[in-house]
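The working numbering puts the first residue of the sequence shown at 1, with every later residue one more than the last. Notes to accompany the following structure.
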Amino acid sequence: MLNDKVVLITGGTGSFGQYFTEYLLNNYKPKKIIIFSRDEYKQFLMKSKFKEYTDVLRFFIGDVRDADRLMRAFDGVDYVIHAAAMKQVPVCEYNPIEAIKTNINGATNVIDAALDRNVKKVVALSTDKAVNPINLYGGTKLVSDKLFISANAYTGGTKSSFSVVRYGNVAGSRGSVIPYFKELLCNGVSSLPITDFQMTRFWISLNQGVELVLTALQNSRGGETYISKIPSFKITDLAKAMAPSHELQQVGIREGEKMHEVMITSEDSAYTYEYDDYFVIYPNMDWWVYDEKNYIPGGRKVSPGFEYNSGTNTEWLTVEQLTDLVAGME
1 MLNDKVVLIT GGTGSFGQYF TEYLLNNYKP KKIIIFSRDE YKQFLMKSKF
51 KEYTDVLRFF IGDVRDADRL MRAFDGVDYV IHAAAMKQVP VCEYNPIEAI
101 KTNINGATNV IDAALDRNVK KVVALSTDKA VNPINLYGGT KLVSDKLFIS
151 ANAYTGGTKS SFSVVRYGNV AGSRGSVIPY FKELLCNGVS SLPITDFQMT
201 RFWISLNQGV ELVLTALQNS RGGETYISKI PSFKITDLAK AMAPSHELQQ
251 VGIREGEKMH EVMITSEDSA YTYEYDDYFV IYPNMDWWVY DEKNYIPGGR
301 KVSPGFEYNS GTNTEWLTVE QLTDLVAGME
């Protein structure tokens, strides 16, 4: 699928972008991988990390806010993975206009450039926070998701298609709870802060995130939202796995933080199909053709009112399993 193809990753120097790049280099023979991001130092570090692949990797300084720069970068590109975003909830709350410029205006620019440059497929990375959002980050990503799905109505005579993959914080990625707990433990704290003892989250690894993107690239017709089937865990269990002898201190839920993650709402259940390893929410739009060939074979429609919620999930990680998973990330 990706052999002899040109792949561009916006925000390519992030945790996902680097892992996805490594996966492509190890499993495919792409013609070119373009890393599009705005931080020259991170590009320098990534270029050093993959120095044996200078014949394949290209580094393109740019910002998704800059439509002209995207237009130039997308020339000759087959597939785009849109991972660039402002993701930190407190930062987005304090800098709302900046979050809108990157997450919404940037999404619009990616769509326009993809359409004008005849990119075959665009897969946009989303987040659980876009579902019933209660913070600005989630709100901007909800709009972004809607933009990418609706972009399929504007493809006209082009071959471009747009789809979305949705998951929560990737385990061990920057800004997630695991490196936060590790930093506290390295600083010698005697207790770990837990916002609420009942809080739950989904567990997804970088590898699972990459596999979901590849599934979208392989199967999407345009307009679908892909969600991995993954286990849940209690934040208290993760803390016990990382520091079994430490006390846990409940400090209260922060502004914009949810008790549980929701990946699929009950309202979306009418358009959601379940597969072995993932769910797909198909678009409920005028341009979507309700034809069997537009649905991935082997799926079954979920029951009415189904909700995919980390607090009511059927699969859970134990403290022992979390201990092994965290140890495997070292």
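Ideal Cβ placement from N, Cα and C applies to all residues, glycine included. Predicted model, so just to flag it, every value in this text is computed and none were measured.
Residue i: first and last residue of the uninterrupted alpha helix (DSSP H) it sits in
{"i": "Lys159", "result": "Counting along the chain, Lys159 falls outside any alpha helix (DSSP H), and DSSP gives it neither H nor E."}
{"i": "Thr10", "result": "Per DSSP, Thr10 belongs to no alpha helix (DSSP H); it is in the beta strand (DSSP E), 6-10."}
{"i": "Tyr41", "result": "40-49"}
{"i": "Ile178", "result": "177-186"}
Where residue i falls: helix, strand or coil (DSSP)
{"i": "Glu320", "result": "helix"}
{"i": "Arg166", "result": "strand"}
{"i": "Glu274", "result": "strand"}
{"i": "Ser15", "result": "helix"}
{"i": "Leu57", "result": "strand"}
{"i": "Val280", "result": "strand"}
{"i": "Tyr28", "result": "coil"}
{"i": "Asn132", "result": "coil"}
{"i": "Tyr295", "result": "coil"}
{"i": "Glu152", "result": "One detail in the question is off: residue 152 reads as Asn in this sequence, not Glu. In the structure shown, Asn152 sits in a helix (DSSP, three-state: H, G or I)."}
Exposure label - residue i; buried when at least 16 CB within 10 Å
{"i": "Glu292", "result": "exposed"}
{"i": "Gln250", "result": "exposed"}
{"i": "Pro304", "result": "exposed"}
{"i": "Gly157", "result": "exposed"}
{"i": "Met329", "result": "exposed"}
{"i": "Tyr75", "result": "One detail in the question is off: residue 75 reads as Asp in this sequence, not Tyr. Exposed."}
{"i": "Ile111", "result": "buried"}
{"i": "Tyr290", "result": "exposed"}
{"i": "Ser220", "result": "buried"}
{"i": "Ser371", "result": "What the structure shows of the chain is the stretch from 1 to 330, and residue 371 is not part of that stretch, so it cannot be assessed."}
{"i": "Phe44", "result": "exposed"}
Same chain only: Cβ atoms within 8 Å of residue i, ignoring 5 sequence neighbours per side
{"i": "Asn109", "result": "Val64, Arg65, Asp66, Ala67, Leu70"}
{"i": "Leu24", "result": "Leu2, Val7, Pro30, Ile33"}
{"i": "Ala107", "result": "Val64, His82, Ala124, Val143, Ser144, Leu147, Phe148"}
Same chain, Cβ closer than 7 Å to residue i, five either side skipped, listed in chain order
{"i": "Arg254", "result": "Thr195"}
{"i": "Asp116", "result": "Met71"}
{"i": "Ile230", "result": "Phe202, Trp203, Ile204, Gln208"}
Start and end residues, beta strand (DSSP E) containing residue i
{"i": "Tyr290", "result": "Counting along the chain, Tyr290 falls outside any beta strand (DSSP E), and DSSP gives it neither H nor E."}
{"i": "Lys121", "result": "121-127"}
{"i": "Met263", "result": "262-264"}
{"i": "Ser37", "result": "32-37"}
{"i": "Val80", "result": "79-82"}
Cβ neighbours of residue i in the same chain (closer than 6 Å, five flanking residues each side left out)
{"i": "Phe60", "result": "Ile34, Phe36, Ala73"}
{"i": "Cys92", "result": "Met86, Ala99, Leu136, Tyr137"}
{"i": "Ile281", "result": "Thr225, Asp268, Tyr271, Thr272"}
{"i": "Glu247", "result": "Ser191"}
{"i": "Gly311", "result": "Thr200, His260"}
Which full runs of the alpha helix (DSSP H) of 4+ residues lie inside the stretch 188-259, going along the chain?
Within the stretch 188-259, complete alpha helix (DSSP H) segments of at least 4 residues are found at 206-219, 235-242, given in chain order.
Taking only runs that begin and end inside the stretch 64-121, name each unbroken beta strand (DSSP E) of 3 or more residues, in chain order.
79-82
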